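Please read the structure below before turning to the comments.
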Amino acid sequence: MSAQNALRRRLGERPWLTIAWVAVLAFFFAQVEIQIEGGAGWAAALPTWRIEQHWLLDIFWGGRAMTGYHAWVFSFMVLMFHFPMAFLQTWSWRLQARALACLMQFWVMEDFLWFVLNPDFGLARFDPQNVPWQKHWWWCAPTDYWTFSAVAVVLFWHSFKADSPARQGPVTPLPSK
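At the far end of the sequence shown sits residue 168, using the numbering used here, and the numbering has no gaps.
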C-alpha cells in the first residue's frame, strides 16, 4: 500500500481540512507581506527590479508590474505547494489539480487578507481608487479573484471526485536512483 493510500485511508477525503489549511497559510503569509511591504502594495517601496510595461504582463499578470520580489515569491510558493508530492515521491493528475487549485485559492485569500489586515488599508479602502496596481475589477473585487476562484473550484472538485479505478489513473511514484 502506498504512503498516499495509507494516509488517505487514515484521514479519509476531507476537502474542508485542505481548504482550512490553505486559509491558515494565506493568513500567515498576508501578515508576512504586511510586515515587508507596509502600506506600499505591490512592492512599490521595495528595493527590487520592476518591469512596468510589457504586453505579456497584460496577458499573464493582469496588467500589473512584474517585480523581482513577486517573481521570487510566486516561484517559491509554486514549489511549496508541490512539496508534498516531492516529499512523498508521488505524482498524479489529481494531486497536480489539487496543488494548482490550492495555490490559486491561496493567492486570492492572501491578497484579500493583505488588504483587510493591513492597518494602512482595511476593507474600506479595498476598491479600484485605492488599489491602482489591481487594474481590472468586476463588481467588488479584482477580476483575478473571480477567475482564479472559478478555476480553483473546478480543479479542487475534480481532485476529490470519486471515479472508477480504470479512469482514475495510477499514482505515479517518482523514479528512484
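Beta carbons: idealized from backbone N, C-alpha and C, even for Gly.
None of these values were measured; they are calculated from a predicted model.
Contact set for Y60: own chain, Cβ-Cβ below 6 Å, skip 5 residues either direction
As a position in the sequence shown, residue 60 is number 69, starting the count at 1. Taken in chain order, the residues that qualify are A34, L37, T39.
Thinking C-beta only, is F97 closer than 7 Å to F106?
The residue given as residue 106 occupies position 115 in the sequence shown. The residue given as residue 97 occupies position 106 in the sequence shown. No, these two residues do not count as a Cβ contact at 7 Å.
Please list, in chain order, all residues of the same chain as P6 whose beta carbon is under 8 Å from its beta carbon, the five residues on each side excluded.
Taking the sequence shown and counting its residues from 1, the one referred to as residue 6 is at position 15. These residues qualify, in order along the chain: F147, F151.
May I ask which residues mark the beginning and end of the alpha helix (DSSP H) holding L193?
Residue 193 lies beyond the stretch modelled for the chain, which goes from -8 to 168, so this question has no answer here.
Touch check for the stretch 114 to 129 and the stretch 59 to 74: three-plus C-beta pairs under 8 Å?
As far as the Cβ criterion goes, the stretch 114 to 129 does not touch the stretch 59 to 74, which means the pair count is below three.
Pick from N109, H45, G54 that is closest to I27, judged by C-alpha positions
As a position in the sequence shown, residue 27 is number 36, starting the count at 1. If we check each option's Cα against that of I27, N109 comes out closest.
Assigned exposure category for V13 - 16 Cβ within 10 Å defines buried
As a working note, residue 13 is residue 22 in the sequence shown. So V13 ends up on the buried side.
Pull up the distance between the alpha-carbon of I25 and that of L16, whole angstroms please.
As a first step, residue 25 is located in the sequence shown; it is residue number 34 there, counting from the start. As a first step, residue 16 is located in the sequence shown; it is residue number 25 there, counting from the start. Going from the Cα of I25 to the Cα of L16 covers about 14 Å.
Where do the ends of the alpha helix (DSSP H) carrying F139 lie?
The residue labelled residue 139 in the question sits at position 148 within the sequence shown. Per DSSP, F139 belongs to the alpha helix (DSSP H) from 134 to 151.
Own chain partners of M95 with C-beta closer than 7 Å, once the 5 adjacent residues on each side are dropped:
As a position in the sequence shown, residue 95 is number 104, starting the count at 1. The residues are F139, V142, A143.
Reducing DSSP to helix, strand and coil, say where R183 ends up.
Absent from the structure is residue 183, since the part of the chain shown begins at -8 and ends at 168.
When DSSP labels each residue in this structure, what does H128 get in the three-state scheme?
Sequence index remark: in the sequence shown, residue 128 carries index 137 (1-based). Inspection of the sequence shows that residue 128 is occupied by Trp rather than by His. Here W128 sits in strand by DSSP.
Note down, in chain order, each residue of its chain lying with its Cβ closer than 6 Å to the Cβ of G30, except the 5 sequence neighbours on either side.
In the sequence shown, counting from the first residue as 1, residue 30 sits at position 39. Cβ within range, chain order: D111.
Just the Cα atoms here: how many angstroms apart are R55 and L47?
Numbered from 1 along the sequence shown, position 64 holds the residue referred to as residue 55. Numbered from 1 along the sequence shown, position 56 holds the residue referred to as residue 47. R55 and L47 have their C-alpha atoms some 10 Å from each other.
Got a sec? Which residues, its chain only, sit under 6 Å from M76 by beta carbon, not counting five neighbours each side?
Here residue 76 refers to the residue found at position 85 when the sequence shown is read from its first residue. These residues qualify, in order along the chain: W82, L86.
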